[in-house]
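All remarks here apply to the structure that follows.
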Amino acid sequence: MLKPKRVRSRGSTGGDPYVSALLRGIDAGKNALKAGKGTRIFSQGDQADAIYFIETGRVKISVVSTGGKEAVLVILGAHDFFGEGCLVGQPLRISTATALESSVLFRVEKSAMLQALSSQPKLSEKFIASLLVRNINLDRKSTRLNSSHER
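Per the numbering used here: the sequence shown = residues 1 to 151.
Structure follows, in structure tokens:
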């Protein structure tokens, strides 16, 4: 499990840097973390008590089947959120998050994120937009996979 560290934010390569500024407005319940390449941020079955935001770096989200096979769901980059299932009552993680390269993350406790989403309409708007874009991209990927299997 990652230990909180004080880190300086660096420039990013994509996404919306405005979200980083909005998250800096959260005073309590937020930690900056540095994850080295290969660091497991959380594992399938862990308690789901926080959401994460990638300031810099890349994170792989994967699941392991009962047969032991790993499936990569998505590779996320700078300014992406993950672990959002905790916000809708998911008690345990259903996936594993692993840093693919040295990464700087914000870990925001569930209660702090819910309060921030309620009190910061711009953060709420950006958060919802990022989830919708990821969902649309997953739908496109799924559609391409399904159409290639039908051939």
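Yeah, the Cβ is synthetic: ideal placement off N, Cα and C, and Gly gets one too.
Paired residues, beta bridge with residue i - DSSP
i, result
"Gln47", "Leu92"
"Asn31", "Arg107"
"Lys60", "Ile75 and Thr98"
"Arg40", "Thr98"
"Ile54", "Leu105"
"Glu125", "According to DSSP, Glu125 bridges with nothing at all."
"Glu70", "Val64"
Assumed close pair residue i, residue j - CB separation to whole angstroms, cut-off 8 Å
i, j, result
"Lys126", "Ile51", "With 8 Å as the limit, Lys126 and Ile51 do not qualify as a contact, their Cβ atoms being about 13 Å apart."
"Pro37", "Leu87", "The sequence as given places Lys at residue 37; Pro does not occur at that position. About 28 Å separates the two Cβ atoms, so there is no contact after all."
"Ile26", "Ala112", "6 Å"
"Arg93", "Gly29", "That belief does not hold up - the Cβ atoms of Arg93 and Gly29 are roughly 18 Å apart, past 8 Å."
Per-residue burial, residue i [other beta carbons within 10 Å of its own, 16 or more giving buried]
i, result
"Asn135", "exposed"
"Glu55", "buried"
"Thr159", "The requested residue 159 is not part of the displayed model; the chain covers only 1 to 151."
"Gly57", "buried"
"Gly83", "buried"
"Leu131", "exposed"
"Leu105", "buried"
Residue i - DSSP class collapsed to helix/strand/coil
i, result
"Ala78", "coil"
"Gly85", "helix"
"Ile26", "coil"
"Gln120", "coil"
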